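Numbering (the numbering used here), first residue to last: 7 to 205.
Written out as C-alpha cells, the structure reads:
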C-alpha cells in the first residue's frame with residue numbers, strides 16, 4: 007500500500023490560550039475542525055510550543071501559514087496577511103520564550119537548525135483588543151471583535167490555501183503579501199462569507 011503523500015502546506019495556529027486575544031491562532035485551528043482544508047495541508051495547533059514549530063518548518067513544506075494575533079495598529083479584529091522577511095543568517099538563534107511564541111524567533115531558530123531553505127512563510131494575523139503578557143493573570147477567552155474574526159479567518163484560509171497549493175509562490179487573492187511594509191497597507195477588511203478582495 008502506497009503511503010499518502012507528504013503534506014505540502016502547513017497551517018499552524020500559534021498563541022497562548024490563557025492570555026485573552028493571544029488565543030486567536032488556536033481558536034482558528036479549532037474552528038477549522040468542521041471545515042477541513044483540502045488534501046495536501048497539515049493543520050496543527052502549536053500553542054506556545056515554538057521549538058516544535060521550528061522543527062516542523064524543516065519537514066519539507068512548500069509553504070507555511072502561521073495564524074496568530076499580532077498588533078499592527080488596526081481596529082481590533084482586523085485581519086492582515088504578512089510575508090515576513092527571511093531571518094538574518096548571521097544572527098544568533100534565541101530560544102522561544104516559555105510563555106509565548108514570537109514567530110520571528112521561531113523562524114530564526116528553524117533557519118539555525120536546518121541545512122536547507124525554509125518554506126515560504128505567511129502570517130495571517132488578527133489585531134488584538136486585549137494584550138497580556140505571560141507574567142499577568144490568566145484571562146481566558148477572546149474579546150468580541152477577535153471572536154468574530156475567527157470565522158473570517160476560516161473563510162480567508164479556504165480562499166488562500168487552494169491558491170498556494172496550486173502555486174506556492176502565488177499571491178493569495180485576499181491581499182498582496184508585503185515585505186515589512188507599513189501596517190496600514192496590510193489591512194484586510196472583515197470579509198463576508200465567500201467574499202475576497204485583491205488590492
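Heads up, the beta-carbon is just placed ideally off N, CA and C, and yes, glycines get one too.
The structure presented is a predicted model; accordingly, all values stated were derived computationally and were not measured.
Residues that DSSP places opposite residue i in a beta bridge
{"i": "residue 74", "result": "131"}
{"i": "residue 18", "result": "50 and 72"}
{"i": "residue 63", "result": "Partner(s): none; residue 63 has no beta bridge."}
{"i": "residue 126", "result": "69"}
{"i": "residue 148", "result": "BP columns for residue 148 are empty, so no partner."}
{"i": "residue 25", "result": "145"}
{"i": "residue 35", "result": "In the DSSP output, where bridge partners are listed per residue, residue 35 has none listed."}
Proximity winner among the options, relative to residue i (alpha-carbon distances)
{"i": "residue 160", "options": "135, 19 and 64", "result": "19"}
{"i": "residue 154", "options": "112, 82, 12 and 39", "result": "82"}
{"i": "residue 152", "options": "77, 60 and 121", "result": "77"}
{"i": "residue 63", "options": "13, 156, 162 and 134", "result": "13"}
{"i": "residue 92", "options": "113, 80 and 75", "result": "113"}
{"i": "residue 32", "options": "59, 45, 158 and 73", "result": "73"}
{"i": "residue 30", "options": "149, 164, 171 and 39", "result": "149"}
Same chain, Cβ closer than 7 Å to residue i, five either side skipped, listed in chain order
{"i": "residue 174", "result": "68, 69 and 126"}
{"i": "residue 170", "result": "15, 69, 176 and 178"}
Own chain residues within Cβ distance below 6 Å of residue i, not counting five before or after
{"i": "residue 24", "result": "144 and 146"}
{"i": "residue 37", "result": "156 and 160"}
Close beta carbons around residue i, own chain, < 8 Å, minus the five adjacent residues each side
{"i": "residue 183", "result": "Summary for residue 183: the model assigns pLDDT 41, below 50, so the residue's position carries little reliability; its value from the coordinates is reported in the next sentence. Within the same chain, residue 183 has close Cβ partners 87, 88, 89, 128 and 177."}
{"i": "residue 41", "result": "160 and 164"}
{"i": "residue 168", "result": "44"}
Distance between beta carbons of residue j and residue i, contact taken as under 8 Å
{"i": "residue 17", "j": "residue 43", "result": "7 Å"}
{"i": "residue 75", "j": "residue 21", "result": "6 Å"}
Can at least three beta-carbon pairs, one atom from the region 36-54 and one from the region 84-94, be found at a separation below 8 Å? no
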